[in-house]
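To keep things clear, I will list the structure first and then write my remarks on it.
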Amino acid sequence: MNWEQATARLGLDESEYRELLSLFIETGTAQFQQLRKAASTGDLPEVASLAHGLKGTAANLGLNDIYQAAAAIEAKAVADNASIEPESSRIVEQFSLIKTFMQAE
Amino acid sequence: LGKPVRRAKLLQMIARLLGEVTDDTAQPVGDGSGRIATQSSIREDMTHSARILLADDNPVNQKLATLILGKAGYQVDIARTGREAVARFTSQPGSYDLIFMDMQMPEMDGMTATRTLRRLGFADIPIVAMTAHAMKGVREMCLDVGMNDYITKPIKREIVFGVIDKFIFRRKFEKEPR
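Chains as they are written, first to last, in the numbering used here: chain A, 2 to 106; chain B, 1011 to 1188.
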């Protein structure tokens, strides 16, 4: 995670960025649960829509791994593929990495 | 210039009268009170009187835009759906200078909201799409429904301010070719 690059692009300081990250964890976790649920019931339009939202927010915050994973899930859902692995596991990993980062400093 | 004259509109006109001078020291104009109005002081006043409506359902994006725009001195109102954006704008159409519109929102998406506002006769309010789509054709899609421009996520501060400059300060609308 390169927060210096993201804060420079957005013109924010570190504390503002951290505030956004914690809001991202809080709201993103719930959205991601919804995404998994939609995938398990085969609701592909919902999967695509939720992945699209996650992709945009991750992009804004410079969270590249989550952005890539969400983009891949969206592309698969649009192409009628209900599989959200291995991207889903990568997103879980990234969420926990961010939480660790938030607690570390 | 119709009445009541909004401060931002008036300042826009003054800025236009001052010309497209970028050098702050050039052509200072006195306002009779001893205060010197320059391009940069007018611009600052315009910033503080400019009000932006942001339509986005995601709390992170809302917070991000509020931080970036708020720090720069703009007033920002939030709508969480396209429907809310239409309701907010139509209840006080004179008080907004620009709408940033997320494309994908629950209840009503940004394209439908834009089309609705244009059909209601609000032709002048600049509407700029925000989208995570990098694909071709997005520009055409946006312009087709009556948006003036679009920006892609990740949003960049300079690009956001560039759009504001283009549509609020210079007020150069991209009218459909006839």
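Positions of the beta carbon are idealized from the N, C-alpha and C atoms, including for glycine.
Let me know if Glu15/A comes out buried or exposed under the rule of 16 or more other beta-carbons within 10 Å of its beta-carbon.
Flag for Glu15/A reads exposed.
By how many angstroms is the C-alpha of Gly1083/B removed from the C-alpha of Val1173/B?
One C-alpha to the other measures close to 15 Å.
My guess is that Lys56/A and Ala1142/B are in contact by the Cβ rule of under 8 Å, so how many angstroms apart are they, rounded?
The Cβ separation is near 5 Å, so the contact holds.
Grouping DSSP H, G and I as helix and E and B as strand, with all else coil, what is Val1086/B?
Three-state result, Val1086/B: strand.
Beta-carbon within less than 7 Å of Leu45/A's beta-carbon, same chain only, minus the 5 sequence neighbours each way: which residues are those?
So the qualifying residues of the chain are Ala78, Asp81, Ala83.
Using a C-beta cutoff of 8 Å, does Pro1038/B count as contacting chain A?
Unreliable positioning characterises Pro1038/B in this predicted model, as indicated by a pLDDT of 49, which lies under 50. A coordinate reading is not provided.
Out of Met1121/B, Gln1085/B, Arg1129/B, state which residue places its alpha-carbon closest to the alpha-carbon of Ala1139/B.
Residue Met1121/B is the option with its Cα nearest to Ala1139/B.
Pull up the CB-CB distance for Thr30/A and Phe102/A, whole angstroms please, since I reckon it's below 8 Å.
About 15 Å; that fails the 8 Å criterion.
For Gln1085/B and chain A, any beta-carbon pair shorter than 8 Å?
Cβ-Cβ to chain A under 8 Å: no for Gln1085/B.
Any idea if Ala1025/B is buried or exposed, counting beta-carbon neighbours within 10 angstroms, 16 or more meaning buried?
So Ala1025/B ends up on the buried side.
With 16 as the cutoff for other CB atoms within 10 Å, does Ala105/A come out buried or exposed?
Classification for Ala105/A: exposed.
Where are the beta strand (DSSP E) runs, 3 residues long or more, that stay fully inside the region 1079-1125 of chain B, in chain order?
Those beta strand (DSSP E) runs which fall completely within the region 1079-1125 of chain B and span 3+ residues are 1085-1089, 1108-1112.
Quick check: the region 1081-1095 of chain B against the region 1151-1162 of chain B, are at least 3 beta-carbon pairs closer than 8 Å?
As far as the Cβ criterion goes, the region 1151-1162 of chain B does not touch the region 1081-1095 of chain B, which means the pair count is below three.
Note down, in chain order, every chain B residue with its Cβ under 9 Å from the Cβ of Arg10/A.
Within chain B, the residues near Arg10/A are Pro1164, Ile1165, Lys1166, Arg1167, Glu1168.
If you count every other CB in all the chains shown that lies within 10 Å of the CB of Met1218/B, and 16 or more means buried, which is it?
For residue 1218/B there is no data in the structure shown, the boundaries of chain B being 1011 and 1188.
Who are the near neighbours of Trp4/A in its chain, counting only those whose CB is closer than 6 Å to its CB and skipping five residues on each side?
Once the five neighbours on either side are set aside, the close Cβ partners of Trp4/A are Tyr18.
By the 8 Å beta-carbon criterion, what residues does the region 32-62 of chain A contribute toward chain B?
So the list reads Ser50, His53, Gly54, Lys56, Gly57, Thr58, Ala60, Asn61, Leu62, given in the order they occur along the chain.
Buried or exposed for Ala1097/B, please, with buried defined as at least 16 other CB atoms from any protein chain shown within 10 angstroms of its CB.
The residue is exposed, with fewer than 16 neighbouring Cβ atoms inside 10 Å.
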